[in-house]
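Residue numbers (the numbering used here): 13 to 57.
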């Protein structure tokens, strides 16, 4: 992945898929890279 260090991290609620301010127990951790338009989410559960 090219320059993932430039990505911003945000969180999404697992059920509603809405962006949330702080990570919760069952939330997705998401990364968004503006240059290459890479946007993906992962769950550690």
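Glycine is no exception: its CB is placed at the ideal position from the N, C-alpha and C atoms.
None of these values were measured; they are calculated from a predicted model.
* Give the secondary structure of residue 48 by DSSP, where H, G and I count as helix, E and B as strand, and everything else as coil. => What you label residue 48 is simply residue 36 of the chain shown in a count that begins at 1. Of the three classes helix, strand and coil, the one that applies to residue 48 here is coil, per DSSP.
* To do: Go through its chain and collect everything with a Cβ distance to residue 28's Cβ below 7 Å, but skip five positions before and after it.
  => Numbered from its first residue, the chain shown carries residue 28 at position 16. Here residue 28 has no same chain residue with a Cβ atom under 7 Å from its own Cβ, once five neighbours each way along the sequence are excluded.
* Pair within 8 Å by beta-carbon distance, residue 32 and residue 25 -> Mapped onto the chain shown, residue 32 falls at position 20. Mapped onto the chain shown, residue 25 falls at position 13. In this structure, residue 32 lies near residue 25, with their beta-carbon atoms less than 8 Å apart.
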